[in-house]
Structure formats: structure tokens, C-alpha cells
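Take a look at the structure set out below.
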Amino acid sequence: MKMKYYKLVKLKNGKACILRNQNCEDSNEILQHIILTSAETEYMLSYFDEITMTEEEERIHLSNIEASPDELLISAVVDGKIVANAGLSPVSKLDKCKHRAEFGISIEKKYWGWGIGSFIMSAVLEIARQAGYEQIELEVVTDNQRAISLYEKYGFKIFGKNEMAFRCRDGQYQSLYLMSCRL
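So for the sequence shown, my numbering puts the first residue at 6; every next one is plus one.
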């Protein structure tokens, strides 16, 4: 079963937002989103100048996920522009881990507080259940209280902490909480 999603929602400010699967034609816009969100905050895994994937490589990546029975990429589209992305993928394809999925999300800072994260979380949890996943896992920077609150609202619990997970360019370290949600 391919993991498909499409839903029109109304955001807190009354604007319409489309939640939908990403596709090959989104490759350039997705890359620009990744670069922008990586530049806007210290909470992302990479710095904006580390995003070296070409548009063609991103197109192939999106095509592979589009065809996958157990992976999903969702975009939130406002006024015709992709403003958020989320991904769900298996921790492993091995039998012992097939019940677990990893989750990640990025929302452009301009759109924080609009309710997009909540709509994406609801969608991802719904799809994960339909796909037969029993647990979703994520990592979040420990001082990213906005994200932690969102995850806890949807049933995620902290189960561990990686003290020196990120080493920033200024020499400082960021800790990550390990969180999971049983479905």
C-alpha cells in the first residue's frame, strides 16, 4: 500500500492550507525550503550551506519515496507555496524493527504558530496507524520547547537524552531528547 495523503485545512488565521504528498515536481521548492529552514534556526540537523543535493538528486529521492509502501513525505502548502515538510520512514526494513518509524518536520519560521504543526502531526499519526506502525520516534533539540510541546500534545514521551548530539560551529554542544509515541 502506497502512503497517500491529501487534505484541505483551515489554519488559525483563517488561511487555507493543503496537506499533500510531495512529488518529483516539488524538487526545487523542497530544496529551497530545506535551505531556508536550516538557515532560520539552530534546531535543524544541518547548516544551510551543507545542503549540497542537486535538484535532480532530490527529484530521484522524491520519486523513490513516492513509490515506497512504507515511507511518506507531506508538504503543507499555503498560497501555492510549500511552507512545511514532514517525513515518516521505517527505522529499518528488518523484521524486528518494521513496527517502528522515524519522524521529522520543518516549518518555515514565518509560519510558526499558525497550527500547521498540529495538522501535520494529526496526518502523520493517522497514516502511521493505517500503515501498521506501532511506534513513531524522533529526536529534538532539548531547548526547542515549541516542538517538544507539540510532540507531547500528540502523545510523544521523552525516553532518553543524548548530551552531546550536535556540535555547533561555535564549539557549543546541543543535547537531543529522544522521544517516542506508541500508536
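Here a beta-carbon is modelled for each residue, glycine too, at the ideal position from N, C-alpha and C.
Note that the structure is predicted; figures quoted are calculated from it, not measured.
(request) Could you tell me which uninterrupted beta strand (DSSP E) segments, each at least 3 residues in length, are contained entirely in the region 112-146, listed from first to last along the chain? (result) 140-146
(request) Look at the alpha carbon of Ser73 and the alpha carbon of Leu143, and state the distance between them as a whole number of angstroms. (result) 20 Å
(request) For the alpha helix (DSSP H) containing Lys17, list its first residue and its last residue. (result) Lys17 -> no alpha helix (DSSP H), and no H or E assigned at all.
(request) Could you tell me which uninterrupted alpha helix (DSSP H) segments, each at least 4 residues in length, are contained entirely in the region 26-109, listed from first to last along the chain? (result) 32-45 and 60-72
(request) Using the Cα positions of Gly85 and Gln37, report the straight-line distance between them to the nearest angstrom. (result) 15 Å
(message) Suppose contacts are defined by Cβ-Cβ distances below 8 Å. Is Ala91 in contact with Gly109 by that definition?
(response) yes
(message) By the three-class DSSP mapping on this structure, what secondary structure does Arg174 have?
(response) coil
(request) Identify, in the order they occur along the chain, each residue of the same chain with its Cβ nearer than 8 Å to the Cβ of Arg187, setting aside the five sequence neighbours on each side. (result) Glu139, Gln140 and Gly160
(message) I'd like the list of long-range same chain contacts for Lys12, defined as Cβ closer than 7 Å, with 5 residues on each side in sequence excluded.
(response) Leu24 and Ala128
(request) Keeping to the same chain, check which residues put their C-beta closer than 7 Å to that of Met126; ignore five residues upstream and five downstream. (result) Leu155 and Tyr159
(request) Could you have a look at Leu155 and say whether DSSP puts it in helix, strand or coil? (result) helix
(message) Using a Cβ-Cβ cutoff of less than 8 Å, which residues in the same chain neighbour Leu41 once the five nearest sequence positions on both sides are dropped?
(response) Phe53 and Glu113
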